[in-house]
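Undergrad: Residue numbers (the working numbering), protein chains in the order written: chain A, -9 to 471; chain B, 646 to 1152.
Beta carbons are placed, not taken as given, at the ideal position from N, Cα and C, and that holds for glycine.
Structural data, given as structure tokens:
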């Protein structure tokens, strides 16, 4: 079993249970602040993770669970994201009528699912981890029980999520039926014999559908805008960062650890998915007026950018994805934290709610503007260097396969389009008049720290990328590319 | 740290500083912006005077490793090609800040963007690392769009913003793809231009690779420089831009593309260059003749200047296409001279707009009587624009024509026609319609730039044009060794070329 290897996951699950229990003895007025305790504890676990090293891959639960640099990178990523999401949830707590402690606990359980996903080395664990994430998100998305949009989001996510899980489990069954194993390493060694079998390929294709749903890649992106728009802001942020990153780590593991040969033959397919996802996300984001929906489409586009790194099929592409996710984490969390604070008194999340934000709160205005600029990929912020690495990885392959140049062109067109709507938000913040008699914006201390952290992260990764490049490169080398 | 780092660093530091000053401290913000760009300018003049003439080596170098895994380093330095551009950029940046008193709303954001733009421009010209070269350019480019969109003027403002954003972003990204492809295919695993050049000299890129990458750089950079037929963003964009932005972009930032072609595309991809030079030579006629003719028809002063500025870019392209020492030296000379000139004309037209709230040429007239200083400066600028000896433009254009004659005689004849006849027609007509003739009663109340502070930016730019016009060797002697080095890589043997210019000079 080798349980000590899973100490981080065990700690997170225990923390979730402690929060649930603590709820019983906490007076209602204090329940909100349980979130701060949870955030602090997750922060401690994050610190603890730096005492773990994984120069060599180690396994637990048979060969199901793997602990290597890549797993560790993503575990830290998820832990960091959760700290910010929990702080955001406390900010959001007064908009949730009842059961705020369950909300915190569910976030922690989703976190444990993501951390298991980071270590998945077997299709069974892939499925279990994904279900753990998805099922908790069914509840998290519909947590504002009296708000119709939130319920709508929950039901949409439930139906489409269940459908994609069904695809996935069917695919896994087909793979197991043909390969006689669900373990990645064993599939990889036996792949030569079976990779020509159509049933095996069909199974893999269905698994890909399931993962495509998680990362919201075209043509499985339909749920994203509605769910992002309707869900409570912290849930949306966690979906956009955590759930998407979990999808990417699984995608990397399945494609490059389990079936590298098949992946190579699917290069064209992946390229088409990537290019169309980029264009679709960016084009659909242009007419949006709802800020959360706009970000929903923009995260679809970002899934497409990160898929560029997958199509490159190289270490350069993989570490570019890891780097990009690092910048994306700070950027998206910054944007949603701002939305969470600003939208307190506003129904509808319209862009006009941030109009003239710089007069009401310079800190929020600067954070949001930097987040938009970073998402657009403008120097000197994290998004620019991330896109640069991704493009470099793709162009590197162009010499062998000219189709990569077309993919590059699609990505560049996407970037140009995205300027329009990202800068539109910046324009609204700085150059529109704030509506009269808006209530003053109050930012709690922890939220303030979270915002400072995000700004520091965006700037640091953009201006001093060296350390992060080293870390990402190291983690990506765990994938046997 | 090298003086260069300070030159590009002060504006960026000041931008950060201004961000933390409350918006009602308007005077403080303006003083900080002026001090930072002024300091950069003084340091650039010092740099220019300390530059060791006759050496093709990099001077004032600073190199700090930035991303080891990719071979990216912060590497700045000057040689003959960029010394003039940095001096010009720093002077124009100061002048642009100085004329920005016309901005009355949201000054804080304006100065932050202006300072970022200035720092980015100087950084782009100083960088000897492909990554930073592009990074700084992008840093300067984005504020341009925002400034035009927010502080711009005229009815077409939104359209112009839209157009300039799409064109220039597309151009920059195409060039980025070319630069990344160059980095990857050279196999040198470094973004450092010096090391890359050394590596490519030892193992040249294959002809196929060159034929693929060169057009990416040519058209990517070409769009940024408004190479015909990708020039339509320029007149409209400059017409709508606030004065300082137009000065900085038309004067300095636009030269980035030309500089990139000379610094990177020519020496690293000689084969690619050779097969495209004819195309460049004929496209540049589009700039010189077509845009010159369009300029004749303009009724709006800013559109006229904008078109004429596009036309002037043709001379630089012609100099590059001639691919010899005189031509390249002339091209760099035109770049520097045109930087001062474009900044001066846009600054003056901005002053006129400030006073009259219109730039329609037919509504003006007789302004010289009311505005002796501004009017005289405008006449001098217009004269410099049609290539009057005594101004730096004359020197550069002359060298380009001499150089291009050998390779492209027909193109040269047409270009001379464009420079001397078409240029004179629109410039002289503008002078007559705006400055001479009876003064309409509406303009009785105009005020000239009376205060020395208001005169300073224009005087500075005019003085620069005259200094380099009367003493061009200040610049050409510096350019020549570096241009020779570039040429050596671009055509192999350079001995006959070098001899040619020496005999030309002794004559």
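How do the segment 340 to 351 of chain A and the segment 291 to 309 of chain A stand: do at least 3 beta-carbon pairs fall below 8 Å, yes or no?
TA: no
Undergrad: Show which residues of chain B have a CB atom less than 9 Å away from the CB atom of residue 409/A.
TA: 787, 790, 810, 811, 814
Undergrad: Using the Cα positions of residue 799/B and residue 1081/B, report the straight-line distance between them to the nearest angstrom.
TA: 26 Å
Undergrad: Which residue wins for smallest C-alpha separation from residue 784/B, given the options 901/B, 1018/B, 1049/B, 1069/B?
TA: 901/B
Undergrad: List the residues of chain A whose Cβ lies closer than 9 Å to the Cβ of residue 801/B, in chain order.
TA: The contacting residues do not exist; residue 801/B stays about 18 Å from chain A at best.
Undergrad: Among 1057/B, 685/B, 661/B, which one has its Cα closest to the Cα of residue 674/B?
TA: Checked all of 1057/B, 685/B, 661/B; the closest Cα to residue 674/B is 661/B.
Undergrad: Would you say residue 895/B and residue 987/B are within 7 Å of each other, going by their C-beta atoms?
TA: yes
Undergrad: Using a C-beta cutoff of 7 Å, does residue 780/B count as contacting chain A?
TA: yes
Undergrad: When burial is assigned at 16 or more other CB atoms within 10 Å of the CB, is residue 953/B buried or exposed?
TA: Flag for residue 953/B reads buried.
Undergrad: Give the DSSP-derived three-state secondary structure of residue 998/B in the structure shown.
TA: helix
Undergrad: Taking 7 Å as the CB-CB limit, is residue 398/A close to chain B?
TA: yes
Undergrad: Who does residue 1154/B pair with in a DSSP beta bridge?
TA: Because chain B here runs from 646 to 1152, residue 1154/B falls outside it and cannot be looked at.
Undergrad: What are the start and end residues of the alpha helix (DSSP H) that includes residue 295/A?
TA: 281 to 302
Undergrad: State yes or no: is the beta carbon of residue 402/A nearer than 7 Å to at least one beta carbon in chain B?
TA: yes
Undergrad: Output the distance between the C-alpha atoms of residue 166/A and residue 120/A, rounded to the nearest integer angstrom.
TA: 18 Å
Undergrad: Name, please, each residue of chain A whose Cβ falls closer than 7 Å to the Cβ of residue 825/B.
TA: 381, 382, 385
Undergrad: With a threshold of 8 Å, are at least 3 pairs of Cβ atoms found where one atom belongs to the segment 259 to 278 of chain A and the other to the segment 287 to 294 of chain A?
TA: yes
Undergrad: Is there at least one Cβ from chain A nearer than 7 Å to residue 1141/B's Cβ?
TA: Because the pLDDT at residue 1141/B is just 46, under 50, the model does not fix this residue reliably, and the value given afterwards should be weighed accordingly. No, because no Cβ of chain A sits closer than 7 Å to the Cβ of residue 1141/B.
Undergrad: Given that a residue counts as buried once 16 or more other Cβ atoms are within 10 Å of its Cβ, and exposed if not, what is residue 853/B?
TA: exposed
Undergrad: Going along the chain, which unbroken runs of the alpha helix (DSSP H) with 4 or more residues stay wholly within the segment 216 to 271 of chain A?
TA: The qualifying runs are 223 to 228, 234 to 242, 250 to 255.
Undergrad: Measure from the alpha carbon of residue 689/B to the alpha carbon of each residue in 656/B, 890/B, 919/B, 816/B, then state which is nearest.
TA: 656/B
Undergrad: Could you list which residues in chain A have their beta carbon closer than 8 Å to that of residue 754/B, in chain order?
TA: Per Cβ cutoff of 8 Å: 420.
Undergrad: Would you decide whether residue 255/A is buried or exposed? Buried here means 16 or more other CB atoms lie within 10 Å of its CB.
TA: exposed
Undergrad: Using only alpha-carbon positions, find the residue among 316/A, 16/A, 271/A that is nearest to residue 68/A.
TA: Measuring from the Cα of residue 68/A, the nearest candidate turns out to be 316/A.
Undergrad: Of all the CB atoms in chain C, is at least one closer than 7 Å to the CB of residue 138/A?
TA: No chain C is present in this structure, whose protein chains are A and B.
Undergrad: Considering only their Cβ atoms, is the gap separating residue 781/B from residue 820/B smaller than 7 Å?
TA: no
Undergrad: Check for me: the alpha helix (DSSP H) holding residue 743/B runs from which residue to which?
TA: 725 to 743
Undergrad: Nearest CA to the CA of residue 1094/B: which residue from 693/B, 736/B, 1012/B, 1048/B?
TA: 1012/B
Undergrad: Tell me, to the nearest whole angstrom, how far the beta carbon of residue 412/A is from that of residue 365/A; I am working on the premise that it is less than 8 Å.
TA: 6 Å
Undergrad: Please report the distance separating the alpha-carbon of residue 249/A from that of residue 471/A.
TA: 11 Å
Undergrad: Leaving out five residues before and five after residue 828/B in sequence, what residues of the same chain have Cβ atoms less than 7 Å from its Cβ?
TA: 775, 836
Undergrad: For the beta strand (DSSP E) that contains residue 919/B, what are its first and last residues?
TA: No beta strand (DSSP E) contains residue 919/B, which is instead part of the alpha helix (DSSP H) from 915 to 930.
Undergrad: Report yes if the CB atom of residue 921/B is closer than 7 Å to the CB atom of residue 973/B, and no otherwise.
TA: no
Undergrad: Does the count of Cβ pairs from the segment 998 to 1013 of chain B and the segment 1103 to 1116 of chain B closer than 8 Å reach three?
TA: Too few Cβ pairs lie closer than 8 Å, so no.
Undergrad: Which of the three DSSP states, helix, strand or coil, is assigned to residue 478/A?
TA: Look at the range of chain A in this structure, -9 to 471, and you will see that residue 478/A is not part of it.
Undergrad: Can you list, in chain order, the stretches of the alpha helix (DSSP H) that have 4 or more residues and sit fully within the segment 833 to 920 of chain B?
TA: 838 to 847, 852 to 869, 878 to 885, 888 to 893, 900 to 905
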